[in-house]
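Chemist:
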Amino acid sequence: MTDWLTPAEWAAVALSLKVGLWAIACSLPLAIGTALILARGRFPGLQLLNGLVHLPLILPPVVTGYLLLLTFGRRAPVGAFLYDVLDITLAFRWTGAALAAAIMAFPLMVRAIRLAIESVDPRLEQAAGTLGASRLWVFLTITLPLIAPGIIAGAILGFAKAMGEFGATITFVSNIPGQTQTLPSAIYAFLQVPGGEASAMKLVLVSVALSMAALLASELLARRATRRRQA
């Protein structure tokens with residue numbers, strides 16, 4: 001692939017993989033916790049929380065990116081704190097692209113994991129609780145293995161979404177070659193210049209291949225986890 005793609009094209013592919021992996025690695029634990037709250041929680045603000053979690057799916061991605069810029073820009077309240085106190089800059093950095101991708105992928109992960117949690121028979125957890133197991137131990141030994149297929153599916157689906165995120169990313173971190181230019185923004189950039197169609201088509205083919213590989217891996221891993229659960 002390194003011979004087929006130019007250094008600039010390969011840089012976009014590598015950055016997209018980096019952004020997608022970091023986005024899922026950092027947001028997956030929070031997605032599991034949020035899905036557990038939405039599936040088992042009973043409190044007045046539950047529906048409001050559910051709406052906030054799924055808001056990125058409804059809002060235009062550009063709006064999400066603009067809100068991130070207003071929040072995490074260097075002069076924004078949170079962004080200024082991160083920069084002044086922790087020396088962390090998210091806007092116009094690849095780390096900001098990972099944040100934007102994580103936020104856009106988060107609802108998909110939560111939904112997949114929540115459906116898996118809701119399919120677990122609560123009586124299994126209650127039985128373990130009556131034997132003296134703590135809630136954490138019940139979750140780790142009973143619930144977590146049962147929902148593993150949903151976690152795998154959600155993580156890979158979120159990764160594919162993070163790889164393809166464009167609107168929120170380009171609004172929050174711009175389109176800087178070698179720094180914030182991911183696959184979608186590189187395709188967009190190549191289509192804006194004369195003669196760039198060939199490079200854009202190569203990246204389109206890479207995107208399709210990566211997406212198909214993610215979907216196949218999701219199916220394979222989910223089926224394997226299901227067989228282990230039933231064994």
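Mapping of the sequence shown onto full-length UniProt numbering: position 110 corresponds to residue 110, and the numbering continues sequentially without gaps.
The beta-carbon is built from N, C-alpha and C at its ideal position, and this holds for glycine as well.
1) What residue range does the alpha helix (DSSP H) around Ser16 cover?
2) Go through its chain and collect everything with a Cβ distance to Gly129's Cβ below 7 Å, but skip five positions before and after it.
3) Express the C-alpha separation of Leu216 and Arg224 in angstroms, rounding to a whole number.
4) Can you list the alpha helix (DSSP H) stretches of 4 or more residues lying completely in the region 151-225, in chain order?
5) What's the call for Val78, buried or exposed, on a 16-neighbour Cβ count within 10 Å?
6) I'd like to know whether the C-beta of Ile170 is nearer than 8 Å to at least one C-beta of chain B.
7) For Gly65, collect the residues of the same chain with a Cβ closer than 8 Å to its Cβ; drop the 5 residues on either side in sequence, then sort them by chain order.
8) Thinking just about the alpha-carbon of each residue, which of Val120, Trp10, Arg93, Ser211 is nearest to the one in Thr141?
9) CB Thr182 to CB Leu15, shorter than 8 Å?
10) Less than 8 Å between the CB atoms is what I'm expecting for Pro61 and Met109, so what's the real figure, rounded?
11) Following the continuous alpha helix (DSSP H) through Val53, name the residue where it begins and the one where it ends.
Modeler: So, from the listed chains and residues:
1) Here the alpha helix (DSSP H) through Ser16 covers 7-40.
2) If you ignore the 5 residues before and after Gly129, its C-beta comes within less than 7 Å of the C-beta of Val138, all in its own chain and listed in chain order.
3) Across the structure, Arg224 and Leu216 are spaced so that their CA atoms are roughly 12 Å apart.
4) Counting only runs of 4 or more residues that sit fully inside the region 151-225, the alpha helix (DSSP H) segments are 167-173, 183-191, in chain order.
5) It counts as exposed.
6) The structure shown contains no chain B, having only a single protein chain.
7) Ala100, Gly167, Ala168, Thr169, Ile170, Thr171, Phe172, listed in sequence order.
8) Looking only at Val120, Trp10, Arg93, Ser211, the smallest Cα-Cα distance to Thr141 is reached by Val120.
9) Between Thr182 and Leu15, the C-beta spacing is below 8 Å.
10) So it is not a contact: roughly 17 Å between Cβ atoms.
11) Where Val53 is concerned, the enclosing alpha helix (DSSP H) stretches over 46-58.
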